[in-house]
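Residue numbers (my numbering): 11 to 486.
Where is the CB? At the ideal position from N, CA and C, for every residue including glycine.
On a predicted model such as this, the values are computed, not experimentally measured, just so you know.
Worksheet for the structure shown next.
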């Protein structure tokens, strides 16, 4: 169960709906799907034409029949509530959207790995017999810098996720003898968007290597493997929200996860239970509004510094409450201890702690609103999360803050916030399905007035995308 400090709120939640553990969840799409793949949701992704293009490409690369090609479908995720607290063991919510990474592959029948990309030039070649070490990723990045351009760095480093997947599998003692021949591509224009494209790529490679080597790996194990890719191999100090959402989500559900205990629950909205007559439940769409800012998260010191500040705040609070022996995570600080000793924090650390404890409360209130189908209350909590991210966590920058404020004024929007860490990419919004087009038009009209240069770098029809919820990652 979640921590006792949130016990009273959870008692209320348990009366509203039942939680399902990892083992007893009935509705997620399995990680391996046989036969025809029929995506759930109002909009089908991937389409049959997308799958056929990838199968044809891999068949050309490998000399195999296109019918032998398997495809990993690894969706992007959004985090309605629970911003910036997963790395502190907080309670988070997430769902996937019907856009993401597609990785077509065939086993190579030997130890060799050959991968090409739809986004980046060149190709990646290595052997699964090679021992992958965390330093290898930094060396490849340095090589790109020596060549003197960001494009060179991308060409050198985009294969790090495949190598990182092998590193994670090797570290946990898996026997990987079979390489892959593969072609990977993402939804156009959505890389560096704050939709966890990096986690989606890591998960895709893990599932491909596991499938090629006939390994049976649970979603919870793959969550840990992807954490190893990002934390150890790539050096990003993030939590487990992104990969958890990608691997555990189910269409029609809000995924709730306790990042300290690793327990997760899937919470259905009344509308997705077939209760279409519930007047309190309104159909929604998900808006992705793009700022034009693109920067790799591992190259931005702002993210890792915020994580360090949260840990420092936890250290001060734990020492003040006589619990200095615990790991310095804010999830190890009881709310009562925080209230009693927060005066000992300097202003900067106090803001980080305030965001953590207030965001945990918003998540619990949001779960109740979602379970009852109250999109208005759910949206207000999302917007409050966005405001706390700006004021207390101090993430974001002028273009993203302006975009967030525009979305709050857009017709039919229930709530909005940054997607991802808030240092680049896009904002998300939940919007009344009947007013999604109006809201998108409003953003396309208003954002260029404030950021003409950034807006000019985005195709007008791609500045705002209207999405639906999706399922978990799978191999088809």
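The beta carbons of residue 299 and residue 474 sit closer together than 8 Å. Comparing alpha-carbon positions, the option among 429, 404, 358, 439 lying closest to residue 386 turns out to be 439. Taking a contact as a CB-CB distance under 8 Å, the pair residue 67 and residue 114 counts as one, their CB atoms being some 7 Å apart. Within the model, the alpha-carbon separation for residue 342 versus residue 60 is close to 46 Å.
For residue 412, the number of other beta carbons within 10 angstroms of its own is at least 16, and it is reported as buried.
By the neighbour-count definition (other C-beta atoms within 10 Å, threshold 16), residue 252 is a buried residue.
Between residue 97 and residue 326, the gap from beta carbon to beta carbon reaches 8 Å or more.
Sequence-distant partners of residue 388 (beyond 5 residues in either direction) whose C-beta falls short of 6 Å from its own C-beta, in its chain, are 376, 379, 380. Annotated as proximal: residue 84 and residue 214, with beta-carbon spacing under 8 Å. Contact between the region 119–129 and the region 223–236 is absent: fewer than three C-beta pairs spanning the two stretches fall below 8 Å. Distances from the alpha-carbon of residue 454 to those of 445, 468, 444 put 468 closest.
In the DSSP assignment, residue 351 falls within the unbroken alpha helix (DSSP H) covering 345–351. In the DSSP assignment, residue 137 forms a beta bridge with 122.
Taking residue 72 as reference, the option from 464, 334, 192 with the minimal CA-CA separation is 192. By the Cβ-count criterion, residue 265 is buried, with 16 or more other Cβ atoms from all chains shown falling within 10 Å of its own Cβ. Distance between residue 101 and residue 173, taken at the CA atoms: about 31 Å. Between residue 108 and residue 477, the C-beta gap is smaller than 8 Å, which places the two residues in contact.
Contact between residue 347 and residue 372 does not hold, since their C-beta atoms are separated by about 20 Å, which reaches or exceeds 8 Å. In terms of Cβ geometry, residue 235 and residue 481 do not form a close pair [threshold 8 Å].
Residue 250 counts as buried, since at least 16 other C-beta atoms from the protein chains shown sit within 10 angstroms of its C-beta. For residue 211, same chain residues with a beta-carbon under 6 Å away, outside a window of 5 residues either side, are 111, 171 in chain order. For residue 229, the enclosing alpha helix (DSSP H) begins and ends at 229–237. Note: residue 117 is bridge-paired with 190 in the DSSP secondary-structure output.
Per DSSP, the beta bridge partners of residue 127 are 194. Per DSSP, residue 389 has no beta-bridge partner at all. In terms of Cα proximity to residue 462, the closest of 426, 302, 320, 187 is 302.
Counting other Cβ atoms within 10 Å of its Cβ, residue 401 stays below 16 and is therefore classed as exposed. Within the DSSP bridge table, the entry for residue 426 names 439 as partners. Taken through DSSP and simplified to helix, strand or coil, residue 182 comes out as coil. Burial state of residue 472 is exposed, judged by a 10 Å Cβ sphere holding fewer than 16 other Cβ atoms. Residue 407 sits in coil when the DSSP states are folded into three classes, being neither helix nor strand. In terms of Cβ geometry, residue 176 and residue 219 form a close pair [threshold 8 Å]. Residue 75 has its alpha-carbon roughly 18 Å from the corresponding atom of residue 189. Ranked by Cα distance from residue 87, the first of 384, 263, 456 is 263. About 12 Å separates the Cβ atoms of residue 404 and residue 359, ruling out a contact at the 8 Å cut-off.
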